[in-house]
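J.: Numbering (mature numbering (1 follows the signal peptide of the UniProt record, and there is no 0)), first residue to last: -22 to -1, 1 to 71.
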C-alpha cells in the first residue's frame, strides 16, 4: 500500500517535469534552427555585397518567422535580442 502511494506521488511529480523538458526541447530546436537560418542569410547577403550592418538586418528580417516560433515556445524578446547580438558578433570575426 505504501509502495503504491509512493509510486503515485512519484508519477504525479514526474509528469510536469517531462512537460517542461518537452517545452525546453522545442525551444532549443527552434533556437538552433533560428541560428542556422540567421547565419546562412547573413553569409548570403555578405556574398552579394552588402556591408555587415545591412547583412545583419536582412538576416533579421529573413528569419523573423523562426524567431516568433522560438518566442512562442518559451523565450523572451530579450533572449532573442541577445541571441541576435551574439550572432552579429560571431559573424564579424
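Beta carbons: idealized from backbone N, C-alpha and C, even for Gly.
What alpha helix (DSSP H) runs, 4 residues minimum, are completely inside the region 14 to 71?
T.: Fully enclosed alpha helix (DSSP H) runs of no fewer than 4 residues occupy 30 to 40, 42 to 50 and 55 to 70 of the region 14 to 71, in order along the chain.
J.: If you measure between the beta carbons of residue 36 and residue 19, is that distance less than 8 Å?
T.: yes
J.: Indicate whether the contact test is met: 3 or more Cβ pairs, each with one atom in the region 32 to 52 and one in the region 5 to 16, closer than 8 Å.
T.: yes
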